[in-house]
Ligand code: NAD
Ligand code: ZN
């Protein structure tokens, strides 16, 4: 099969790889019809993780089931399914509690597995014609009848729509509250969409890219361009000097200052200042335990100078980590089915798999107009 393979920093290629196949009775084989490039892929693409060459990338997958193992009951050949980026077993202590993001059996020795992801198990990704889905009954969400027409919407259910929603959940956002979201990338935009769905009275999105901020405005958020600084002051102005009721970090450890230099503590510290006393912060942007290729010594050890004193003084709360996609994807799919939301509004490019290397280059440069790329490995 054709697949997008990571060969080293900034080197991804479409190559022939052995066909994915059923390996255990609990697997399903999915013919991928849409697979997105994610901001998480960029940390790996840039060589800022210990991703090994030879792996197929891609964890935002949707497709048609073409074969199931003997022990698969619920999922049938012909079903269109959304595949959460987390791979859970369904029977470990964490999966039992709904924490499919920290499954204890699919990535032994650590917790939490994913397709085509550094440190999250040996699984190949879905930027390929075929994907093997372990524990298919647990990991596949069977999509409604309109799945084929709305693929660019449903493909967001495997990761970024639930992840944006999760950021607002960890921030304990309630109807009527205000929220400040750092990052207007795909995840930040999905957090803004989720905040709107939940009835936030004021959704503020901070970034430096005008094209991305314009997408936030399209769904009624207030865009805050921080390219000249002044973002926190603007949040204060808009909230009568109190700060936002809650905040979401949707950027991660490679966040940048105005000069485009990486300053890993910048967004978290900005949030501590922009969120009110007793406010809550949900951090879904990725931070890593080691970052050997970073410039700064602290950063290389996965550490940063966090304004913990101010955070404590303000009595704030913080939630972190990978999103448990299964906690939300079924209900978010119904919002798509009932046409309450259209997460595909952020899709800027729909491309054949062959163009994936070029798409990675442009998305990684945050080139204007390259907000979200969805690939079509099967034409
Ligand atoms: P992205 O890189 O396209 O978007 C990040 C955005 O942040 C960019 O638009 C960039 O301009 C902006 N930014 C950079 N520095 C900033 C700053 N100082 N202040 C404000 N904005 C700043 O990526 P994405 O796909 O939106 O993903 C965002 C993060 O979420 C990544 O770290 C990704 O790995 C992570 N992620 C986490 C989960 C999870 O389950 N926790 C799931 C998916 C993605
Ligand atoms: Zn992703």
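In full-length UniProt numbering, the protein residues as written are 1 to 379.
Glycine included, each C-beta is placed from N, C-alpha and C at the ideal position.
Because the structure is a prediction, the values reported are computed rather than measured.
*Say the cut is 7 Å; is the CB of residue 186 nearer than that to a heavy atom of the ligand NAD?*
At least one heavy atom of the ligand NAD lies less than 7 Å from the C-beta of residue 186.
_I'd like to check one pair, residue 333 with residue 82: are the Cβ atoms closer than 8 Å?_
For residue 82 and residue 333, yes; Cβs fall inside 8 Å.
_Using only the alpha-carbon positions, how far apart do residue 352 and residue 252 sit?_
About 28 Å.
_3-residue-minimum beta strand (DSSP E) runs that sit fully inside the UniProt domain "Alcohol dehydrogenase-like N-terminal" (26-136), ordered along the chain_ = Listed in chain order, they are 28-36, 60-68, 80-83 and 130-133.
*Mind checking residue 156: buried by the 16 CB within 10 Å criterion, or exposed?*
The residue is buried, with at least 16 neighbouring Cβ atoms inside 10 Å.
_Any 3 or more C-beta pairs closer than 8 Å across the segment 218-229 and the segment 149-168_ = No, the segment 218-229 is not in contact with the segment 149-168.
*Counterpart residues of residue 6 in DSSP-defined beta bridges*: Under DSSP, the beta-bridge partners assigned to residue 6 are 12 and 55.
*What does a CB cutoff of less than 6 Å around residue 202 pick up in its chain, not counting 5 residues either side in sequence?*
Taken in chain order, the residues that qualify are 178.
*Can you give me the Cβ contacts of residue 305 inside the same chain, cut-off strictly under 6 Å, excluding the 5 residues immediately before and after it?*
Once the five neighbours on either side are set aside, the close Cβ partners of residue 305 are 265.
_residue 187, DSSP secondary structure in three states_ = It is helical.
_Please determine whether the Cβ atom of residue 349 lies at a distance below 7 Å from any heavy atom of the ligand NAD._
No; taking the cut-off as 7 Å, the Cβ of residue 349 has no heavy atom of the ligand NAD nearer than that.
*Run the proximity test for residue 34: is its beta-carbon closer than 7 Å to any non-hydrogen atom belonging to the ligand NAD?*
No, the ligand NAD has no heavy atom inside 7 Å of this Cβ.
*asked:* Starting from residue 385, trace the beta strand (DSSP E) in both directions and tell me its first and last residue.
replied: Since the first residue shown for the chain is 1 and the last is 379, residue 385 is missing from the structure and cannot be characterised.
*Span separating the alpha-carbon of residue 1 from that of residue 56*: Distance between the alpha carbons of residue 1 and residue 56: 11 Å.
*Just grab the DSSP bridge partners of residue 349 for me.*
373, per the DSSP bridge assignment.
*Mind checking whether the beta-carbon of residue 40 lies closer than 7 Å to any heavy atom of the ligand ZN?*
Residue 40 has its Cβ nearer than 7 Å to a heavy atom of the ligand ZN.
*The alpha helix (DSSP H) enclosing residue 358, as first and last residue numbers*: Run containing residue 358: 356-364, per the alpha helix (DSSP H) assignment.
*asked:* Can you check which of these residues, 47, 342 and 127, is closest to residue 379 by C-alpha distance?
replied: Ranking 47, 342 and 127 by Cα distance to residue 379 puts 127 first.
*For residue 299, does the count of other Cβ atoms within 10 angstroms reach 16, so buried, or fall short, so exposed?*
Answer is buried; the Cβ neighbour count reaches 16.
_Pair within 8 Å by beta-carbon distance, residue 191 and residue 164_ = With contacts defined by Cβ atoms closer than 8 Å, residue 191 and residue 164 form a contacting pair.
*Roughly how many angstroms lie between the CA atoms of residue 268 and residue 249, to the nearest whole one?*
Approximately 7 Å, taken between the alpha carbons.
_Using 8 Å as the cut-off, can you tell me whether the segment 306-321 makes contact with the segment 59-70, which would need three or more C-beta pairs spanning the two stretches below that distance?_
Contact fails: fewer than three Cβ-Cβ distances are below 8 Å.
*asked:* From the DSSP secondary-structure annotation, give me the bridge partner or partners of residue 317.
replied: According to DSSP, residue 317 shares a beta bridge with 280.
*Mind checking whether residue 3 and residue 49 have CB atoms under 8 Å apart?*
No, Cβ-Cβ distance for residue 3 and residue 49 is not below 8 Å.
_CA nearest to the CA of residue 319, picked from 344, 337 and 279_ = That would be 279, whose Cα lies nearest to the Cα of residue 319.
*Report the rounded CA-to-CA distance for residue 87 versus residue 115, giving the unit in angstroms.*
The alpha-carbon of residue 87 is positioned some 7 Å away from that of residue 115.
*Should residue 249 be listed as close to the ligand ZN, given that the test is whether its C-beta is under 7 Å from any heavy atom?*
No, since every heavy atom of the ligand ZN falls outside the 7 Å radius drawn around the Cβ of residue 249.
*What span of residues does the alpha helix (DSSP H) with residue 173 cover, start to end?*
No residue range can be given for residue 173, since it is assigned to no alpha helix (DSSP H) and is classified by DSSP as neither H nor E.
*What are the uninterrupted segments assigned as alpha helix (DSSP H) that are 4 or more residues long and contained completely in the UniProt domain "Alcohol dehydrogenase-like C-terminal" (186-293), given in chain order?*
Complete alpha helix (DSSP H) runs here, min 4: 186-197, 210-218, 231-238 and 266-274.
_Touching by the beta-carbon criterion (3+ pairs, under 8 Å), the segment 6-15 and the segment 352-362_ = Yes: at least three Cβ pairs fall under 8 Å.
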